[in-house]
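Contents: one structure, followed by commentary.
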Amino acid sequence: MQDRLQALKEEALLKIQQASDLKELQDIKVSYLGKRGPITEVLKGMGKLSPEERPVVGAYANEIRDAITSALESKISELEQAVIEEKLKKESIDVTLPGRPVRKGNAHPLTAVIEEIEDLFLTMGFTVAEGPEVETDYYNFEALNLPKGHPARDMQDSFFITEDILLRTQTSPVQARTMEKHHGRGPVKIVSPGKVYRRDDDDATHSHQFMQIEGLVVDENVRLSDLKGVLETFAKKMFGEERKIRLRPSFFPFTEPSVEMDISCFKCGGKGCSICKHTGWIEILGAGMVHPNVLEMAGFDSKKYTGFAFGMGPERIAMLKYGIDDIRHFYTNDLRFLKQFKKA
Amino acid sequence: MLVSYNWLKDYVNLDLSAAELADKITKSGIEVEIVESLNKGITGVVVGHVLECVQHPNADKLRVCKVDLGEEAPVQIVCGAPNVAAGQKVPVAKVGAVLPGNFKIKKAKLRGEASNGMICSLTELGVEGKLVPKEYSSGIFVMPSDAEIGSDALSYLNLDDYVLELGLTPNRADCLNMLGVAYEVAAILNEELRLPEVQVQTSGEKASDYVSVTVDAKEDNPYYGAMIIKNITIAPSPLWMQNRLVAAGIRPINNVVDITNYVLLEYGQPLHAFDYDRLGSKEILVRRAKAGEEMVTLDDAKRKLGANHLVITNGKEPVAVAGVMGGATSEVQDDTTTVLLEAAYFEGIRVRSASKDLGLRSEASSRYEKGIDRNRVYDAAYRAASLMAQYAGGEVAQGIVEAGERLVPEGKAEVTQTRINTLLGTEIEGEQISDILKRLRFEFDVHGENYIVTVPSRRPDITIDADLVEEVGRIYGYDRIPTTYLLTEGRPGGLSPYQAARRKVMRYMEGTGLYQAVTYALTTPEKSNAFTFSQEQENVHSIKVSHPMSEERSTLRSTLVPQLLEVLKHNHHRSIDDVGIFEISSVFFAHEQSLSVLPEEKTYLSGALTGLWSIHPWQGEKKKIDFFVVKGILEGLFEELGLHSRISFESESLPGMHPGRTAVVKLDSIVVGFIGQIHPGTQKEWDLNESYVFELDLDQLLGASVEPTVYQTLPRFPSITRDIAVVVDQNLPAGDLNTVIHEAGGELLKESSLFDLYEGERMEEGKKSLAFSLKYYDPERTLTDEEVTKAHENILRSLEERFGASLRK
């Protein structure tokens, strides 16, 4: 009897192994393990066995049943896996096809530059001050030590609306307004960005509308050497740690002494190239110690308080930084231009 | 100001190169913009002596010359210049020489005659054509007869010089002349200063016997001086003087005119030479011109004058526009023998109005405009007279006939050592300060640590202590000032809530796929207010600048939309048709016809979109921008700002906009902007594709007070969602339905969202179906079916009552 069982087992296992689909396996399961299957048949004849033999054969029969069941299961899972794999193979895609575009705009390069400068000074304890773009002659000129008839007014031919109201030619009126609000008490520590307007014909290097960002610090004992410190920090953070700065005496009506700041050329490192016109230096901003007249007009005691101011042009900085050759690009807003400043 | 390096050596020892000098001047405060070498690459040009000059046998326009170059034998040179002649000393480029533009001179044969070199014109040597004296403008240059044969011609012609171009700021008009530059350079280099020595041999005659001077406009002309120089012979000025004028950009004319120009350059004092005999009287009267008065100026142009202009007259008629240009009738000519030399101080404002009105700017007028040193008028007059005696054979009559005050007192300024060091952050010793003031040639007294400085009249820019601080600082050297860090206590900086919110809006807009644009605030009157969304905007006046540069940039805008449409147009013309942009900028509103106070300025956030919104090309997906794309962007913004529950969109007809696809945006009950499609007519006018725009008053949005965020407990009980689909009139806004749904749904209704809109064949004419998904929830317990049914039925009933809605079957 055991031999018969052994033979059945071998026969079943062989069939399982040769089966090629799930249907066949189901048939095998029914034919070998079903109620009318050969194993059941064999077991039905157990009654003829001796009581000693019965448990041995019974156990053997169960063992064979388990072996066939387990073989069936493993073959089924093997076949199922093959089906899944076949299906997945059919689902495969070309991963090199382009992805779904995500719409993402970006800031205008001038905004990017202004925000970068603002952030730099915010970390140094400055606040951002803003003011009107249409100004009075007083704040735009007179409060900044540019009385009517002053030759320096020529430097900035202005868009007047009435005799006394004009489009501001600089962001400096914000300085005058801010100082006035402090009622003669320091410290004042601001940067003021914004649009300004001058009667220039638009060309590659001139624009009748452009941006400025200025800074102002007024307190007791503010020194030119402090201005140097602030500007050096700014230059290094904005243009790289290895930048050197140079102050040259200059002239602005609202500062005395006045300086212009050059940085060592970030393109050639100071050796001389086309960017720095072979001088090794690039002019970046104008600055100086606030003129006593400006302090006094804004209500500060110029014996007690001193201060410094600086101003620069975001267009110039953006043009230098990104190598832009025509200032008009900033205001034409060609999408091919705007898109280039995603990581700015 | 163009400064000749060689000329400057007359006054200061220069033991450094022109480039080194330029660097030092720049570092001390005057920017040297260009250092130009006058030698444009020339080698091998010498002085030649034309021994013989005969007609070329085969060419009408050529001569064959024998020229002595100081070598063993003279060379033969073929020359085409009409003015070449035997006996002349001329600049010759020898065989092997190089001329500007890397032009190499080689042996040649011209029409059969050998030519071993080239006799040169000044332009061939690199001199600008407009600076070449007229007599040599179409030929070779003829050198003085004492020029040494065979020697380097470049030094004779000053072509070994360098010219420093100074970029002068308005405060440094003192350096608009060589002496001023010499003072500056002597201070920078700490060198001696040599001023010109002026000695005038006068004749027995008195100038006052020849002319009288009256000034009828003392404010415009505080000082007028006239000298008389007789027996002048008009001739070319000496070559060295011509060379210096050329280096400074002035064309040599003749000895008298050149001398006035030379002294102008040297002293900064404009001078004018009248032909005394052609003056028409023995009188000089300075007065304002009469309205409509006319005169012919040196350039042979008839000039119409006005009461705003100052003129020099002969008592009757104008003979010069003061400080600007002389008259044609009294011009110095080849036969002039007696010169009346004018040396005057005219006020800058008066000179400016004439030079501006007549469109005449000259070396003289620009110096008057920027301010000259009044105390130098006299010295300059004598310098010119002495040069005329020396180089034009003149005899100088005694004295200056004058009117007004010649000298003005010099100013004083004080500064303390402490002030200098606290303002600069330095520790400069008292001795150093004294040394620097001496180098600047300022006279001063020291009282303790107080310096009382007498400011020379050449430096009117120095009036207060800070000016002296700058003088000391710049000569001391800004590179020696230490770097320190602000002592102001470390109070934190930061953006204001408004500024922070504005940045947030920008980042949001960029995140939706829009690019930020920046456009011009000035536009045409029509465009300046082409789009409006509130009554208030329509009741304002346009703001025009008084002297616009063009109509296109004449008026301040009160809407950003037109400029954004310009951007769409610009891109459209370049075949860029999928564009989404936004701008945040100021707009301007005047509440009065003529501004007496500043106009109102607001910050607007505006956008313009056209073309495709989402594109996935190889999957064939293309979604065009429509009203709802733009509305979705704004809804997201309002959510970002915490305002979404207070915002509503209401259909509205606005100028330039599609009447059925435009809405105003309301915050509570205030209109804060609009959104919509550009009217097809406007679209065509602007040459655009279908475009959508929005404009929002950002100040109003960011100014609205917003409730702080409060955490809502997460739901602990299940919610129940039921849909409702109703048929209503086609023109009923979905927003109205939604409002009623919320009113009728009561406390339990937490959310409603529109998920279907059907208008079409299976719908009765004039009707549409809208389906909402409604979510009911009670935070305290699980809802029963009955409660929800009751609320749901209540909603349906309300919709029926209010809008005649019926349940869609």
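In order, the protein sequences belong to chains A and B. 260 is the number that our numbering gives to position 260 of the first sequence; each next residue is one higher, with no gaps. For our numbering, add 344 to where a residue sits in the second sequence, where the first one is 1. Note that beta-carbon positions come from the ideal geometry of N, C-alpha and C, so glycine has one too.
Outcome for residue i when other beta-carbon atoms lying within 10 angstroms are tallied against a minimum of 16
i         : result
B/Phe-788 : buried
B/Arg-705 : exposed
B/Trp-962 : exposed
A/Gly-286 : buried
B/Gln-860 : buried
B/Ile-449 : buried
B/Asn-515 : buried
B/His-960 : exposed
B/His-616 : buried
A/Val-83  : exposed
B/Lys-714 : buried
Cα-Cα separation, residue i to residue j
i          : j          : result
B/His-935  : B/Val-752  : 51 Å
A/Lys-189  : B/Gly-817  : 25 Å
A/Gln-81   : B/Lys-967  : 41 Å
B/Asn-873  : A/Pro-132  : 20 Å
B/Val-529  : B/Gly-424  : 45 Å
B/Val-931  : B/Gly-792  : 58 Å
A/Lys-48   : A/Glu-73   : 33 Å
B/Lys-634  : B/Leu-623  : 20 Å
B/Asp-354  : B/Tyr-506  : 14 Å
B/Leu-858  : B/Leu-589  : 60 Å
A/Pro-109  : A/Gln-340  : 9 Å
B/Ile-628  : B/Val-486  : 40 Å
B/Glu-944  : B/Ala-531  : 52 Å
B/Leu-321  : B/Cys-397  : Because chain B in this structure spans residues 345 to 1153, residue 321 of chain B falls outside the shown range and cannot be described.
B/Val-434  : B/Lys-478  : 17 Å
B/Ala-1199 : B/Ile-1014 : In this structure chain B extends from 345 to 1153, so residue 1199 of chain B is not present and cannot be described.
B/Pro-596  : B/Asp-643  : 16 Å
A/Ser-237  : A/Leu-120  : The identity of residue 237 of chain A in the sequence shown is Lys, whereas the question assumes Ser. Using only the alpha carbons, I get a separation of about 8 Å.
B/Arg-851  : B/Gln-761  : 52 Å
Beta carbon of residue i nearer than 9 Å to that of residue j
i          : j          : result
B/Gln-420  : B/Ala-458  : yes
B/Ala-729  : B/Met-571  : yes
A/Leu-227  : A/Phe-126  : no
A/Glu-118  : A/Val-134  : no
B/Ile-576  : B/Val-600  : yes
B/Ala-741  : B/Ser-547  : yes
B/Phe-1147 : B/Leu-1081 : yes
B/Glu-754  : B/Val-695  : no
B/Ile-1022 : B/Gly-1000 : yes
B/Leu-382  : B/Ala-591  : yes
B/Leu-925  : B/Gly-955  : One detail in the question is off: residue 925 of chain B reads as Ile in this sequence, not Leu. Cβ atoms of B/Ile-925 and B/Gly-955: not closer than 9 Å.
B/Ala-1088 : B/Ala-1149 : no
B/Leu-649  : B/Phe-690  : no
B/Val-391  : B/Glu-509  : no
A/Met-179  : A/Leu-216  : yes
Residues bridged to residue i [DSSP beta-bridge criterion]
i          : result
B/His-616  : B/Glu-686
B/Phe-302  : A query on residue 302 of chain B cannot be resolved here, the shown segment of chain B reaching from 345 to 1153 and no further.
B/Glu-1154 : Outside the shown range of chain B (345 to 1153) lies residue 1154 of chain B, about which nothing can therefore be said.
B/Glu-739  : B/Lys-574
B/Thr-313  : There is simply no residue 313 of chain B to check, as chain B begins at 345 and stops at 1153 in what is shown.
B/Pro-435  : B/Val-391
B/Gln-794  : Per the sequence shown, the amino acid found at residue 794 of chain B is Asn instead of Gln. B/Thr-760, B/His-791.
B/Tyr-1102 : B/Ser-1113
Self-check item: Residues of the stretch 899–916 of chain B whose Cβ lies closer than 8 Å to any Cβ of chain A, in chain order
Solution: Cβ contacts with chain A: Leu-900, Val-911, His-914, Asn-915.
Exercise. Please list the residues of the stretch 315–336 of chain A that have a C-beta atom closer than 9 Å to any C-beta atom in chain B, keeping them in chain order.
Key: Phe-330, Tyr-331, Thr-332, Asn-333, Asp-334, Leu-335, Arg-336
Practice problem: Can you give me, in chain order, the residues of the stretch 162–177 of chain A that have a beta carbon less than 9 Å from any beta carbon in chain B? | Solution: Thr-162, Glu-163, Asp-164, Ile-165, Leu-166, Leu-167
Quiz item: What residues in the stretch 132–148 of chain A have a beta carbon less than 9 Å from any beta carbon of chain B?
Solution: Residues are counted here when their Cβ sits less than 9 Å from a Cβ of chain B; for the stretch 132–148 of chain A these are Pro-132, Glu-133, Val-134, Glu-135, Thr-136, given in chain order.
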